[in-house]
Ligand code: AFP
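In structure tokens form, the structure reads like this:
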């Protein structure tokens with residue numbers, strides 16, 4: 003029986019499109035897929051491998067680490083540090099840049115990653131994932147510093163995620179479209195199953211954590227309230243809502259059938275511009291979504307244009323079907339121009355559609 007194209011065959015085919023390619027990037031992607039295979043194995047074993055529960059330590063964000071957060075971080079570092087393709091790495095789990103150990107050669111790329119996203123879902127057996135982004139290292143810098151990583155998302159050369167769900171998949175873009183690969187556990191290879199993923203421009207499905215409703219800014223309140231009014235409201239159609247609390251799973255759903263994902267700026271913690279991190283969550287997902295014909299915005303501008311100022315900075319994220327993202331951006335502009343007053347009437351402000359009555 004003929005098997006499908008493997009990820010390795012696919013990236014070597016891509017490499018042939020670049021006359022001067024050294025094969026270093028191809029080898030880096032091979033290391034990344036090995037790391038994701040290893041994590042997929044551990045996630046799949048779960049309690050059988052003693053992999054569930056908290057590790058008892060905190061990460062740089064002050065968040066409780068799950069055992070699999072720590073294990074996945076170690077797997078990414080060990081699997082990619084030796085190959086000679088990276089100059090340094092940044093992980094959600096580490097405070098500053100991770101320098102390549104002296105005994106290994108350095109390479110031309112920087113790797114930025116969230117080793118296990120959605121890990122609060124691990125113990126309840128809900129899909130989780132890994133998110134990664136590849137940037138070019140500055141020429142002649144042997145020990146890249148923080149500022150070398152502070153590149154806008156538009157500078158990414160590769161972005162991808164692994165989703166560890168009913169099947170384990172890798173979804174990747176090199177800037178020429180988005181392709182999805184499913185792990186065939188019998189032969190241990192990722193096989194192309196979702197070539198050229200495209201996000202439908204229109205959707206009737208949105209994802210947001212509505213427990214934060216009282217903290218949202220007016221444009222987001224306006225958008226969600228209109229969706230909930232359905233066909234009896236200004237949208238003239240009914241909407242469906244989802245919230246998995248795992249960004250990788252939400253983005254994957256949107257790539258496959260369209261939709262909108264929002265983790266907007268809120269007033270819950272005025273010091274934080276949002277919950278999601280720019281360098282290793284928002285930027286890679288924004289590149290993937292844009293490459294699949296969608297849009298990714300802070301609400302006030304394109305995520306890939308944001309100039310980073312800190313490794314672990316957070317950013318508001320509104321991404322998915324283009325028409326919906328553009329609508330929310332328009333609502334932000336109308337609010338700033340004071341043109342959304344009809345919506346800002348007491349009817350909407352005091353009586354929340356979620357509280358009924
Ligand atoms: P964890 O990795 O701490 O579970 O956070 C996951 C996440 O960063 C993202 O994947 C989800 O969309 C979002 O947080 C869920 O946030 P809430 O728990 O506030 O809904």
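Numbering (our numbering), first residue to last: 3 to 359.
Each residue gets a CB set at the ideal place from its N, CA and C atoms; glycine is no exception.
Quick one: what's got a C-beta closer than 6 Å to residue 101's C-beta in the same chain, skipping five residues either side? 90, 145
For residue 306 and residue 258, the rounded distance between their alpha carbons: Cα to Cα, the separation comes out at about 22 Å.
Give the DSSP-derived three-state secondary structure of residue 18 in the structure shown. coil
Three or more C-beta pairs closer than 8 Å, one from the region 174-193 and one from the region 4-18: is that the case here? Verdict: yes, contact present.
Start-end ranges of the beta strand (DSSP E) lying completely within the region 287-343, minimum 3 residues: 297-299, 319-322, all fully within the region 287-343.
Might you give, ordered along the chain, the residues of its own chain that have their beta carbon closer than 7 Å to the beta carbon of residue 284, omitting 5 neighbours on each side? Hits under 7 Å: 278, 305, 317, 319.
Cα-Cα, which of 53, 29, 196, 68 is closest to residue 84? 29
Endpoints, the beta strand (DSSP E) within which residue 93 is located: 88-93
In angstroms with no decimal places, state the Cα-to-Cα distance between residue 80 and residue 274. Rounded to whole angstroms, residue 80 to residue 274 spans 32 Å at the Cα level.
Assuming residue 321 and residue 288 form a contact by the criterion Cβ under 8 Å, report the distance between their Cβ atoms to the nearest whole angstrom. Indeed they touch by this definition, with Cβ atoms about 6 Å apart.
Do the CB positions of residue 182 and residue 195 come within less than 8 Å of each other? yes
Residues that DSSP places opposite residue 181 in a beta bridge: 174
Quick one: is residue 240 buried, meaning 16 or more other Cβ sit within 10 Å of its Cβ, or exposed? exposed
Would you identify the three-state DSSP class for residue 158, choosing helix, strand or coil? coil
Cβ neighbours of residue 15 in the same chain (closer than 6 Å, five flanking residues each side left out): none
Quick check: the Cα distance between residue 343 and residue 74, rounded to an integer number of angstroms? 48 Å
What distance in whole Å lies between the Cβ atoms of residue 139 and residue 174, which are believed to be in contact at a cut-off of 8 Å? About 20 Å; that fails the 8 Å criterion.
Looking at the structure shown, is residue 24 part of a helix, part of a strand, or coil, going by DSSP? coil
Straight-line Cα distance separating residue 231 from residue 92: 43 Å
Tell me the DSSP bridge mates of residue 264? 320
Verify whether the separation of the beta carbon atoms of residue 250 and residue 165 is less than 8 Å. yes
When the distance is taken between beta carbons, is residue 95 closer than 8 Å to residue 61? yes
Using a Cβ-Cβ cutoff of less than 6 Å, which residues in the same chain neighbour residue 325 once the five nearest sequence positions on both sides are dropped? 203, 204
In whole angstroms, give me the CA-to-CA distance for residue 57 and residue 88. 28 Å
When every heavy atom of the ligand AFP is checked, does at least one fall within less than 7 Å of the C-beta of residue 249? yes
At the level of alpha carbons, what is the spacing between residue 18 and residue 27? Those two C-alpha atoms are separated by around 12 Å.
Taking all protein chains shown into account, decide if residue 261 is buried (16 or more other Cβ within 10 angstroms of its Cβ) or exposed. buried
By the DSSP assignment, the alpha helix (DSSP H) with residue 151 in it spans what residues? 148-151
Whole angstroms are fine: how far does the CA of residue 302 sit from the CA of residue 209? Cα to Cα, residue 209 sits roughly 19 Å from residue 302.
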